[in-house]
Each structure stands twice: as C-alpha cells, then as structure tokens.
Amino acid sequence: MPRPRVSLLVGNPTARSGKAEAAIAAAMEGLTKARLEPEFFSTLPQGATVAALADRLERGDVARVIYLGGDGTFAETAKGIILARERCGVDTPMGMLPMGTANDQGRSFGVHSGLKALPDNIAIIAAGVEQWLDVGQVEAFDAAGEVVDHDLWFDSWGLGLSAQILAKRNRDRKIVAKIPVLRQLYRDKLVYIRAGLSSLAKNALKSLVGKARFAALITIDGETRELGGINDIVIKGTLLYGGDWIFDPTSKPDDGKFEVIIVENPADWGATTLRAHKRNPVTSDDLAVLGLAPKQIPRGSQIEVKIFRPAGMGPVPSQIDGEEYVSTDHYRIRNLFHYLRIIVPEDPHWV
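Residues 1 to 351 in full-length UniProt numbering are what the sequence shown lists, from first letter to last.
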C-alpha cells in the first residue's frame, strides 16, 4: 500500500453565515501551496459526521486530518479519528485550523485562531510535530444507576454555574441569530459576557436564600470528598478555560490526570477566576492579603460526581466542551490516557 499522503480538511461551509466558505477556500489554497495534497470533507447534519469521517479514514490514504472551525468541529473530527482507530486500527493525527472564539484546545498549545493565523497554522501542520492529548470519557447515570448517556470530551466537563452560563449563552445566540443587526454587533464574546453577568447576578440572589447551591460527593481516584454546598464543578483537560483562565499552570494535557475545580459560591467563583486569569498582574502575596490565597486543585484519572439538590431545586445544568449536556445527579469521568494525536508547534505554549 502506498504511503498515506492526503490532508483531509474537515469543515462546515455553511457555518458563520457562510463566512466559513471563504476560510475553507483560503485553507485549501494554503495547504496546496505547502504541498500537503488537501481534500475537503464537509461536516454532515444530525451527528452523521463522525461515522462518515471514520469511513473515509478507513481507506488508508489520509496522512493527517485537519479541522477548520470551532469546538464542535474539533470534537466531531476527533471522534471520527478515534472511531476509525477503534474499528480498524487506522490512527491518524489531527491538525488544527481554529476559527472559534475561545479556542481553548488550540491556544493551550500556541495555535492562534482566525484567517490571519492560517499561514502560521499551516506551517505548523507541515512541520508535523505531534503531541498526545488525553481524552475525557463521561457517563451519565439515572437514579437507578443505569447509564442514560455517554460521550467523549476534549477540553472540559462541568456542572453548575459555568454550565448555566453556557446554556444561557446558547439560548441568547439563537435569539441574536434571528435579528440581522444584532447578529453583526452582538458577537459570541458579548453573548457570553451578558450570559455570565446575568447568571452570576441571579445566582448571587438565590444563594442568599440557599437555593443555588447543592451538595456533592466527589470521588477522585478512590478518595471521596463530601461537600456541603457548592455552585460549580469543572473538570479540565487542556490548560486554558474560556480562552482566558488557567486554573493550574503546572497541568499537562498528556499526564493521565484531569484537574478538578470546585467552586463553593459566587464569591468563590469570582475569586477563582481572578486568581486564574492568564494575564492577572496581581501577585500571590497580594491575593493572600485580599484573602484569596491559592487553592489546591486536586487531580485524578477516575472521577465520580454525585450531587444532592435541595428541595425545590431543578436539574443542575452540565456541559462538555462548551455545549449543553445531559442534566442528572450522577456522573463518572475517566481519563483516556494518550488517546488522540494532535499536531502542535515545535515549542508548544499557551497564547
């Protein structure tokens, strides 16, 4: 069999009101100039992309798969690569041409997003330096202990306040998309900020009467922690969160462990995000004076979360990779060690 040579570019030409079509054309031109023999593969609706991509990869002529788009395209591309490997042993590395807003996966390794970054990102892909990425596997259980859903994630899983913000952002995004003027002015980051401030304000009010917090049992590699009242849990795989926060600068994407960030209340959420902001000029001593001394962030490869809601509290929102996920009271997360090969800069570092 001849050596695989094709660079399969995965993208959605209808995304971003059709603007992705121009980005795809520019990427195809750049990949051709780099002699990477590009072939375009369009994403498919209703979740059909993963299986179709695996089918294509099983022909054995693809040297690398390159996603172009946001977190959703990243996830579909990665799942297609993993499915092809699990079905027939074809293991293909993934290159990144991010176009999304936060771009946590790419920026955690020094890969910028947008059209202006295409030449540099194509050069990174052509150089072909690879690094492993640990992948998260989540199972959601019902009250009887039966699995109601399972999925893979590549950046973060979480429940509580952060997931509520994301859910509100997604609802606001759908409303904005229907109004042409707002669609031009009210971009994703503004939607996210509005959702965050709205959710934070509502949670602060609810916390005063004790209705926004929930109890939890969190088991990390066999050690169980009993928490009387919290607002948020985030389990992190890559370094950056939301494009701007680094909860643990010593974390690695390929060390077999995930970081578990536990937030006890809205004030703690604000303090945590202040401490973790990547461009925070305040020193550790300054934070200690303010009563914001660094919190120890536990790590683990096997994590189980059981939550207990007070009477009258509805389902707690959850998310994977910035998209809404099943809301239940019992989850199990596993670190799949060295489960995806990604193409990164020769000297990977966050941006």
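We put the CB at the ideal spot given by N, CA and C, even for glycine. What you are looking at is a predicted structure, and each value in this text was computed from that prediction instead of being measured.
Discussion item. Tell me whether residue 305, by its Cβ, gets closer than 7 Å to a heavy atom of the ligand ATP.
Written reply: Absent from the structure shown: the ligand ATP. Ligands present: none.
Worksheet item: Measuring CB to CB, does residue 297 end up less than 8 Å from residue 264?
Response: Result no, Cβ atoms of residue 297 and residue 264 do not sit closer than 8 Å.
Item to complete: Using the DSSP secondary-structure output, state which residues sit across from residue 299 in a beta bridge.
Response: Under DSSP, residue 299 shares a beta bridge with 259.
Worksheet item: Is residue 115 buried or exposed, if buried means 16 or more other CB atoms sit within 10 Å of its CB?
Response: Residue 115 should be labelled exposed.
Item to complete: Within its chain, find whatever has a CB closer than 7 Å to the CB of residue 257; leave out the 5 residues flanking it on each side and keep chain order.
Response: The residues are 299, 300, 301, 335.
Item to complete: Please name the residue or residues paired with residue 164 in a DSSP beta bridge.
Response: Partner residues in a beta bridge of residue 164, as assigned by DSSP, do not exist.
Worksheet item: In whole angstroms, what separates the C-alpha of residue 44 from that of residue 122?
Response: Roughly 24 Å between the two C-alpha positions.
Worksheet item: With 16 as the cutoff for other CB atoms within 10 Å, does residue 319 come out buried or exposed?
Response: By the 10 Å Cβ count, residue 319 comes out buried.
Fill in: Assigned secondary structure, residue 220 (DSSP; H/G/I helix, E/B strand, else coil)
Looking at residue 220 - three-state DSSP - the assignment turns out to be strand.
Discussion item. Is the beta carbon of residue 326 closer than 8 Å to that of residue 160?
Written reply: No, the Cβ-Cβ distance between residue 160 and residue 326 is not below 8 Å.
Item to complete: Determine the extent of the beta strand (DSSP E) in which residue 38 is found, giving its start and end residues.
Response: Where residue 38 is concerned, the enclosing beta strand (DSSP E) stretches over 38 to 42.
Practice prompt. Verify whether the separation of the beta carbon atoms of residue 133 and residue 255 is less than 8 Å.
Written response: Going by C-beta atoms, residue 133 is not nearer than 8 Å to residue 255.
Fill in: Endpoints, the beta strand (DSSP E) within which residue 94 is located
Counting along the chain, residue 94 sits inside the beta strand (DSSP E) bounded by residues 94 to 98.
Fill in: Beta-bridge partners of residue 78, as assigned by DSSP
Under DSSP, no beta-bridge partner is assigned to residue 78.
Worksheet entry | Check whether residue 341 and residue 94 have beta carbons under 8 Å apart | The answer is yes: Cβ separation under 8 Å.
Worksheet entry | Supposed contact pair residue 57 and residue 90 - C-beta distance, whole angstroms, cut 8 Å | Going by Cβ atoms, the distance from residue 90 to residue 57 rounds to 5 Å, so yes, they are a contact pair.
Discussion item. Please report the distance separating the alpha-carbon of residue 78 from that of residue 156.
Written reply: Per the coordinates, the alpha-carbon of residue 78 lies some 15 Å from the alpha-carbon of residue 156.
Worksheet item: Just checking my contact of residue 11 with residue 22 at CB under 8 Å: how many whole Å lie between their CB atoms?
Response: With a Cβ gap of about 11 Å, residue 11 and residue 22 do not count as contacting.
Practice prompt. Taking all protein chains shown into account, decide if residue 225 is buried (16 or more other Cβ within 10 angstroms of its Cβ) or exposed.
Written response: Classification of residue 225: exposed, given that the 10 Å Cβ count is below 16.
Fill in: Nonlocal neighbours in the same chain, by C-beta distance under 6 Å from residue 218, ignoring five residues either side
For residue 218, where only same-chain residues beyond five positions count, the Cβ hits under 6 Å are 225, 305.
Worksheet item: Would you report the Cα separation of residue 186 and residue 100, rounded to the nearest angstrom?
Response: With a pLDDT of 44 at residue 186, under the threshold of 50, the modelled position of this residue cannot be trusted; read the value that follows with caution. Each residue's Cα considered, the two are about 15 Å apart.
Fill in: residue 152, DSSP secondary structure in three states
Reduced to three states, the DSSP call for residue 152 is strand.
Worksheet item: Helix, strand or coil: which one does DSSP assign to residue 135?
Response: Here residue 135 sits in strand by DSSP.
Worksheet entry | 6 Å Cβ shell around residue 124 - same chain, five flanking residues per side excluded | Cβ within range, chain order: 345.
Fill in: Alpha-carbon to alpha-carbon, residue 333 and residue 7
Answer to the nearest angstrom: the Cα atoms are 32 Å apart.
Fill in: Beta-carbon proximity of residue 141 to residue 328, cut-off 8 Å
In this structure, residue 328 lies closer than 8 Å to residue 141 by Cβ.
Worksheet entry | Endpoints, alpha helix (DSSP H) assigned at residue 47 | Residue 47: not part of any alpha helix (DSSP H); DSSP gives it neither H nor E.
Item to complete: Inspect the beta-carbon positions of residue 50 and residue 76 and report whether they are closer than 8 Å.
Response: Residue 76 is positioned such that its CB atom lies closer than 8 Å to that of residue 50.
Worksheet item: So the beta strand (DSSP E) residue 332 belongs to, where does it begin and stop?
Response: Per DSSP, the continuous beta strand (DSSP E) segment holding residue 332 begins and ends at 330 to 343.
Worksheet entry | Supposed contact pair residue 73 and residue 81 - C-beta distance, whole angstroms, cut 8 Å | Wrong, their Cβ atoms sit about 13 Å apart, outside the cutoff.
Worksheet item: If you run the structure through DSSP and keep just helix, strand and coil, what is residue 225?
Response: Reduced to three states, the DSSP call for residue 225 is strand.
Fill in: Which residues DSSP lists as bridging residue 214, in chain order
For residue 214, which the question treats as bridged, DSSP gives the partners 230.
Worksheet item: Does the distance from the CB of residue 5 to the CB of residue 61 come in under 8 Å?
Response: In contact: residue 5 and residue 61 (Cβ atoms closer than 8 Å).
Worksheet item: For residue 124, does the three-state DSSP call read helix, strand or coil?
Response: Residue 124: helix per DSSP, three-state reduction.
Item to complete: With a threshold of 16 other CB atoms inside 10 Å of the CB of residue 221, please say whether the residue is buried or exposed.
Response: If you draw a 10 Å sphere on the C-beta of residue 221, you find fewer than 16 other C-beta atoms in it, and that means exposed.
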